[in-house]
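J.: Chains as they are written, first to last, in this note's numbering: chain B, 324 to 733; chain V, 324 to 733; chain Z, 2 to 152; chain G, 2 to 152.
Don't be surprised by glycine CBs; every beta carbon is placed ideally from N, CA and C.
Just so it is clear, the structure is predicted and the values come from calculations on it, not from any experiment.
The structure that follows is given in the form of structure tokens.
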Ligand SMILES: Cc1ncc(COP(=O)(O)O)c(C=O)c1O
Ligand SMILES: Cc1ncc(COP(=O)(O)O)c(C=O)c1O
């Protein structure tokens, strides 16, 4: 099946939004993605005809809403090939998912003398929760360094993993696009007796995800980066681990019984879903993964590989040594996240000039300050691609960069 | 200004939803409220034309979204009369808001020998977080008991508060409708040197809320119960307390700096808002409070007082001793949450029979199991009212109850 | 919507009004398990005496709606005197009737449902399935509970 | 949208290309404070020597965009030699120009903005206001920093 990418693009109403008479060129999907009308309409329709509480009331409207909610859980589970929908815990975002693992699994399993291995590629969401816990429970953090082209330097991996209880790493860097060899890293973790925690926030939106093929223990991701609404994320975890973990947030829905002197917990996933869940958002998340499945994640990946190649080549041909695109050059081991340096112009100024041409890129530390220090900068300009982008967006970026030279006179 | 309540009712599209050829009668707003088209449209429109990341990117679309997000924060602050918008922390729901207070404020301030006072009216969201923390940090929980008509029995309050560091209580019971004297309770807490934490989940949707008049320290509430979307709640707290508290969830946005060996935190509220926030939901929350303000919360309260009186009277006249409405009879000290017993029929069966007539009520423990034990039941049937209900809904409830007698032959 | 008469069959209301095998058994020698239906607050405790792999006695305690109580009552009548494998087969068959996925294998022993078939109508009211199965899930837990010792 | 020429005035680019008062001062006797712009990752450190309530020296370290760097450079030139009350008034006036609410009272001393007026155009680009004010907020923090002692 060949995909008509123009039709896909037309599914996203915001891409017709004009500023100063011209449509926006959205190249900030690594930050958060736009939503197709199928997702917007699913939520709108649910709010107008079917909104009701979940898991609490017994009338038909509530039963119907609960079924739609649970079927969204099943869709999300299928999307990452989880063995069971009950292993999908809905959180508010990927950050909460990673905090849940750190606080609950880590809280119960880590102490002095233990170690957790992270990498220099990590997003703050996969660093700070471990630092917070380490400050309380006194274990060591160890870091996998990078090669010069922004891949993980695995030379010392086995030594780093020796005695470690967990290895938590990103499946795709939100700064460099690097896609580490997840299956290999998981098996190295397991060989060392460590659990493998995958931050798949940047991976699931762009690739076929198979948590079973990875053989991972925990995988975190966020709806808003994969065509779904804000306000919901997910943690997939192995049932035997989730089952043994203490609860994280306490309140309604996560209990079996509450007495004045204590409580008992409900089974997973309810145990980790205290309070009224993001009802509409979960239903939108379900619609988003169904939308992505209707296109096919292998096709999405292929589209983005081609577009990434086109971007690297176009910018390189046009600006030669004046532009440096960070991260691996081989598009097979990277995604469409393009951090670049341009003529010594500060990323913030680049983004300002691009914005003048409606080109939306992010300039900043991308919530990865340790990585910034490794790169020797305090910010990068980053264009990040998604299924709705096409060559015209890359061309617009390349054209708009010209404006920066005019002003800064380099 | 007199309000045209039919126009208000017409703002809620779902109330025109029919099942088996007749519209639904929604009496489960204590569980979660329906949404007016103004809120649905605000979110839909934002998703179609303005969706962008918050606080991270510098292009105009992102700046615009950030402004809308922060102006929703200002609206929510104004709605509860918070002295500053920066004191509003957005959470995923009220449950997370209460967990945040318990884990962060309580985590830093409670230990062996300390006590926290709760009441028998509390929802699990204001019990379990304290039990979880007490199990870790070894302080005592004390309970304010109830009078026979479901009000707080304050006889021993001063004794209970002696030596307590916190008093956490609901501003309106989600089971009995009881509205405790919040200002009095706060000042009793302060007199004893305890901080006052108000679970205002059921209060803010139905009453004029003024956190400064209460003189409270922390106030938690949820968007989905007050015409707003699911997936977002709020914690208001005094700046000097929030400022001194350790962070709760770690990740992006809540940091000032992250290094391999530790991190520093951003100012409040960012410190407590790790990760991508519920962007669209916050904007919907803002639209919801603006919608409520356009009607006026004093008018909403008055409407519900009248409707509650009508409900108590109508059901009483029609069913006499066969029906018992729990909680205070005085509608000045209660809200429109009507738990009732009907002819010894189990609540779940009542809800089933009512559902046959499209009347949606909740049957269950309402996440208040300790209260159920005090009431000597394990469930109640509960009809809960909101601004879009009118006398026809009460009449439909009264009519539908007849069906229960037929089947169970009482 | 299916009529309520599909749900509230006469035999169900009869078990609800006059539940069989109410009460408790001393633990030990009996085993027991507690079940909660988080949706409606129903609580049930099942007591089980098993001698030589035969359920020699069963008692039901707790409160609940007509469906959960009648299902528990019928269950208690049905399992008394049956062997443990027969009971497990019955649970599987009952859950199958409730359209709950119990795997591909049929129950190993074919035990007739008898009166329990009256609960078939519950399937048309999906939110009540949890009520109907509460006693059965709790029964399984009681069967799997550690065999109590006197010490 | 206002043209970029409103933002990138020549004098701004000049301070960006040739920043004044770059460097560090030994702490103590100087005081210092660090500022972060979470949006763009800019980091700045302001070093301040205060003698007899006069800012006798100021240095700026760190990295940032043209707006934050030029604002820091102009700020450093403007505050050197001023008294602490004058400096506080200048900060207030500058933030007022950036349309930041600084309370109802006008600055107690009227200090001219001079070159700093070139930054006025930033107000039309609201996301850049944080860049322009980073150095100023950090300056305030440095002023309020505990006076270092040699021990
Ligand atoms: C009194 C009370 N407190 C807390 C909560 C918890 O709110 P949420 O489910 O939105 O977290 C609720 C609602 O379920 C409630 O009624
Ligand atoms: C690699 C990575 N991990 C984690 C996160 C955090 O995701 P969220 O903000 O949805 O919690 C992000 C996105 O910001 C990310 O790119």
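In angstroms, rounded to a whole number, what distance separates the CA positions of residue 115 of chain Z and residue 494 of chain B?
T.: 55 Å
J.: If you check the beta carbons only, do residue 583 of chain V and residue 466 of chain B fall under 8 Å apart?
T.: yes
J.: By how many angstroms is the C-alpha of residue 591 of chain B removed from the C-alpha of residue 565 of chain B?
T.: 7 Å
J.: Taking all protein chains shown into account, decide if residue 379 of chain B is buried (16 or more other Cβ within 10 angstroms of its Cβ) or exposed.
T.: buried
J.: Quick check on residue 465 of chain B: does DSSP put it in helix, strand or coil?
T.: strand
J.: For the region 384-413 of chain B, enumerate the residues whose C-beta is nearer than 8 Å to any C-beta of chain Z, in chain order.
T.: Answer set for the region 384-413 of chain B: 385, 386, 389 and 390.
J.: Run the CB neighbour count on residue 653 of chain B, radius 10 Å, all protein chains shown included, and call it buried at 16 or more, exposed below.
T.: exposed
J.: I want to see whether chain B comes within less than 8 Å of residue 40 of chain Z, judged by CB atoms only; does it?
T.: yes
J.: How many Å lie between residue 700 of chain V and residue 622 of chain V at the Cα?
T.: 35 Å
J.: Could you tell me if residue 68 of chain G is buried or exposed, where buried requires 16 or more neighbouring beta carbons within 10 angstroms of its beta carbon?
T.: buried
J.: Which runs of the beta strand (DSSP E) spanning at least 3 residues fall entirely within the region 641-714 of chain V, listed in chain order?
T.: 646-648, 660-665, 685-687 and 703-707
J.: Between the region 552-572 of chain V and the region 421-432 of chain V, do three or more beta carbon pairs fall short of 8 Å?
T.: yes
J.: If you compare alpha carbons, which of Z/87, Z/138, Z/106 and Z/26 is closest to residue 113 of chain Z?
T.: Z/87
J.: Whose CA, out of V/711, V/703 and V/674, lies closest to the CA of residue 725 of chain V?
T.: V/674
J.: Quick one: give me the first and last residue of the beta strand (DSSP E) that residue 558 of chain V is part of.
T.: 556-560
J.: Identify which residue in B/656, B/561 and B/625 has its Cα closest to the Cα of residue 428 of chain B.
T.: B/561
J.: Any residues in the region 23-40 of chain Z with a beta carbon nearer than 7 Å to a beta carbon of chain B? Which ones, in chain order?
T.: 37, 39 and 40
J.: Could you tell me the boundaries of the alpha helix (DSSP H) in which residue 535 of chain B lies?
T.: 534-537
J.: For residue 356 of chain B, write down the residues that DSSP places opposite it in a beta bridge.
T.: Partner(s): none; residue 356 of chain B has no beta bridge.
J.: Among B/683, B/519 and B/434, which one has its Cα closest to the Cα of residue 442 of chain B?
T.: B/519
J.: Quick one: what's got a C-beta closer than 6 Å to residue 743 of chain B's C-beta in the same chain, skipping five residues either side?
T.: Summary: the structure shown does not reach residue 743 of chain B, with chain B confined to residues 324 through 733, and so no result is reported for it.
J.: For residue 437 of chain B and residue 460 of chain B, what's the separation of their Cα atoms in angstroms?
T.: 10 Å
J.: Run the CB neighbour count on residue 29 of chain G, radius 10 Å, all protein chains shown included, and call it buried at 16 or more, exposed below.
T.: exposed
J.: Suppose the cutoff is 6 Å on Cβ atoms and the five residues either side in sequence are ignored; what does the same chain contact list for residue 528 of chain B look like?
T.: Listed in chain order, the non-local C-beta contacts of residue 528 of chain B below 6 Å within the same chain comprise 548 and 549, local neighbours out to five positions each way being set aside.
J.: Between the C-alpha atoms of residue 415 of chain V and residue 602 of chain B, what's the straight-line distance to the nearest angstrom?
T.: 11 Å
J.: Determine the chain G residues that contact residue 379 of chain V at a beta-carbon separation under 9 Å, and present them in chain order.
T.: Near residue 379 of chain V (Cβ distances below 9 Å), the residues of chain G are 39 and 40.
J.: Taking residue 1 of chain Z as part of the beta strand (DSSP E), name the residues at either end of that continuous run.
T.: Nothing about residue 1 of chain Z can be reported from this structure: the residues present for chain Z run from 2 to 152 only.
J.: Going by beta carbon distance, what residues of the same chain come within less than 6 Å of residue 376 of chain V, once the five residues before and after it are set aside?
T.: 385
J.: Suppose the cutoff is 6 Å on Cβ atoms and the five residues either side in sequence are ignored; what does the same chain contact list for residue 514 of chain B look like?
T.: none
J.: Counting C-beta neighbours from all protein chains within 10 Å, is the total for residue 398 of chain B 16 or more, i.e. buried, or is it exposed?
T.: Around the CB of residue 398 of chain B, 16 or more other CB atoms lie within 10 Å, so the residue is classed as buried.
J.: Measuring only between beta-carbons, confirm whether residue 43 of chain G sits less than 8 Å from chain B.
T.: At least one chain B Cβ lies under 8 Å of residue 43 of chain G.
J.: Do you know how far the Cα of residue 557 of chain B is from the Cα of residue 456 of chain B?
T.: 21 Å
J.: Identify, in the order they occur along the chain, each residue of the same chain with its Cβ nearer than 6 Å to the Cβ of residue 337 of chain B, setting aside the five sequence neighbours on each side.
T.: 357
J.: Measuring CA to CA, which of V/391, V/478, V/350 and V/704 is closest to residue 606 of chain V?
T.: V/391
J.: If the cut is a Cβ gap below 7 Å, which residues of chain G does residue 580 of chain V touch?
T.: 37
J.: Return the residue from the list V/371, V/626 and V/488 that minimises the CA-CA distance to residue 711 of chain V.
T.: V/626
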